[in-house]
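Colleague:
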Amino acid sequence: MTKVLVVDDEPQIVRAMRINLTARGYQVLTAHDGTAALKAAAEGRPDVVVLDLGLPDVDGTEVIAGLRGWTSVPIIVLSARTDSVDKVEALDAGADDYVTKPFGMDELLARLRAAVRRAASVPGDGEPVVRTDDFTVDLAAKKVLRQDGQEVHLTPTEWGILEVLVRNSGRLVAQRQLLQEVWGPAYATETHYLRVYLAQLRRKLEPQPSRPRHLITEPGMGYRFEP
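Reading the sequence shown from the start, the letters are residues 1147 to 1373 in the numbering used here.
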């Protein structure tokens, strides 16, 4: 049974979606804000997400970014925003499709079926929560917690580097790839950026920064995350 997560703060839309999807044999999860959506996705592992952008706590694009930190689940945006800028922003953040409100249920269901078909050939996702002996990385919530539960404050750039490394856990991430993913193509040769930021991350996360256990340097090649 295909599992659908519906994220919308309008009860009537959630109710209509639940009735229509359940009648067609889908299993339906629901969330009314972004925080609940990320939690439901991590715990429920839906096959597709239908997401409103105008949520009460965070913008829908932040939810997309949170999901894309650890999963390739298809995301269909369902929004009253018709401006092309909003559409481009959502698609660039990682959405697979965009449907504007008001919408026809038949069209939405057809797009949902197409998204599920496309995803069927994609390899499985990683775990949203990665634990080490010293800290826990929550890719969905974009947080790092120490063993005592205290949150480690990371800058956006530090998080970007850690996220790429954790998503490629155990594998070498080339310097060029890391620079391009975090800073962009124009910074592909700025290797000194990595030395500075990896040193900062080690000071915050490693028990002995001078002898790292989790954020490993492969000299002349790149970096590797070891849980």
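Just so you know, even glycine gets a beta-carbon here, dropped at the ideal spot from N, CA and C. Nothing here was measured: the structure is a model prediction, and the numbers come from that model.
Measuring CB to CB, does V1153 end up less than 8 Å from A1177?
Modeller: Counted from its first residue, the sequence shown places residue 1153 at position 7. Counted from its first residue, the sequence shown places residue 1177 at position 31. The answer is yes: Cβ separation under 8 Å.
Colleague: Give the single residue among V1275, G1306, P1302 whose Cα lies nearest to the Cα of L1291.
Modeller: Residue numbering aside, residue 1291 sits at position 145 when the sequence shown is read from its first letter. The residue with the shortest Cα to Cα distance from L1291 is V1275.
Colleague: Using a Cβ-Cβ cut-off of 6 Å (strictly less than) and excluding sequence neighbours within five positions of R1259, which residues of its own chain qualify?
Modeller: On the sequence shown, position 113 is the one that residue 1259 refers to. The answer is none, since no qualifying residue turns up.
Colleague: Taking just the CA atoms, how far does M1147 sit from V1209?
Modeller: Here residue 1209 refers to the residue found at position 63 of the sequence shown. Here residue 1147 refers to the residue found at position 1 of the sequence shown. Spanning the two alpha carbons is a distance of roughly 24 Å.
Colleague: Select from F1249, S1230, D1203, K1350 the residue whose C-alpha is nearest the C-alpha of V1196.
Modeller: For the purposes of this step, residue 1196 is taken as the residue at position 50 of the sequence shown. Nearest of F1249, S1230, D1203, K1350 to V1196, Cα basis: F1249.
Colleague: Tell whether a beta-carbon distance below 8 Å holds between G1212 and K1288.
Modeller: As a working mapping, residue 1212 is identified with position 66 in the sequence shown. As a working mapping, residue 1288 is identified with position 142 in the sequence shown. Closer than 8 Å, so yes.
Colleague: Would you kindly work out how many angstroms separate the C-alpha atoms of A1320 and T1337, rounded to a whole number?
Modeller: On the sequence shown, position 174 is the one that residue 1320 refers to. On the sequence shown, position 191 is the one that residue 1337 refers to. Approximately 11 Å between the Cα atoms of the pair.
Colleague: Would R1349 and P1358 qualify as a contact pair, given that the criterion is a beta-carbon distance under 8 Å?
Modeller: Taking the first residue of the sequence shown as 1, we reach residue 1349 at position 203. Taking the first residue of the sequence shown as 1, we reach residue 1358 at position 212. No, the pair does not count as a contact, with Cβ atoms beyond the cut-off.
Colleague: Checking 8 Å against the spacing of the C-beta atoms, do I1159 and V1194 come in under that value?
Modeller: Your numbering for residue 1159 matches position 13 in the sequence shown. Your numbering for residue 1194 matches position 48 in the sequence shown. In this structure, V1194 does not lie closer than 8 Å to I1159 by Cβ.
Colleague: If we call anything under 8 Å between Cβ atoms a contact, is V1219 one with P1192?
Modeller: Taking the first residue of the sequence shown as position 1, residue 1219 is located at position 73. Taking the first residue of the sequence shown as position 1, residue 1192 is located at position 46. Yes. Within cutoff.
Colleague: Given that a residue counts as buried once 16 or more other Cβ atoms are within 10 Å of its Cβ, and exposed if not, what is M1367?
Modeller: Taking the sequence shown and counting its residues from 1, the one referred to as residue 1367 is at position 221. Exposed, since its Cβ has fewer than 16 Cβ neighbours within 10 Å.
Colleague: Kindly indicate which residue of T1228, V1312, T1303, T1278 has the alpha-carbon position closest to the one of T1217.
Modeller: Start at 1 with the first residue of the sequence shown, and residue 1217 comes out as number 71. Answer by Cα proximity: V1312.
Colleague: With distances taken from CA atoms, which of E1253, L1199, R1214 is nearest T1228?
Modeller: Position 82 of the sequence shown, counted from the start, is the residue given in the question as residue 1228. Taking only the C-alpha atoms, the option nearest T1228 is L1199.
Colleague: Leaving out five residues on either side along the sequence, give the residues of the same chain with a beta carbon under 7 Å from the beta carbon of T1303.
Modeller: For the purposes of this step, residue 1303 is identified with residue 157 of the sequence shown, where counting begins at 1. Excluding positions up to five away in sequence, the list reads V1328, Y1343.
Colleague: What residues are listed by DSSP as bridge partners for D1205?
Modeller: Working through the sequence shown from its first residue, we reach residue 1205 at position 59. Its beta-bridge partners are G1200.
Colleague: Give me whichever residues DSSP pairs with F1281 in a beta bridge.
Modeller: Locating residue 1281 in the sequence shown gives position 135, where the first residue counts as 1. In the DSSP output, where bridge partners are listed per residue, F1281 has R1292.
Colleague: Based on Cα-Cα distance, which residue from E1352, R1161, A1345, N1166 lies nearest to E1253?
Modeller: Within the sequence shown, numbered from 1, the residue matching residue 1253 stands at position 107. For E1253, the nearest C-alpha among the options comes from N1166.
Colleague: Can you give the Cα-Cα distance for I1362 and R1170, rounded to whole angstroms?
Modeller: Start at 1 with the first residue of the sequence shown, and residue 1362 comes out as number 216. Start at 1 with the first residue of the sequence shown, and residue 1170 comes out as number 24. Each residue's Cα considered, the two are about 49 Å apart.
Colleague: Between which two residues does the alpha helix (DSSP H) holding R1170 run?
Modeller: Indexing the sequence shown from 1 puts residue 1170 at position 24. First-last for R1170: undefined, no H or E at that position.
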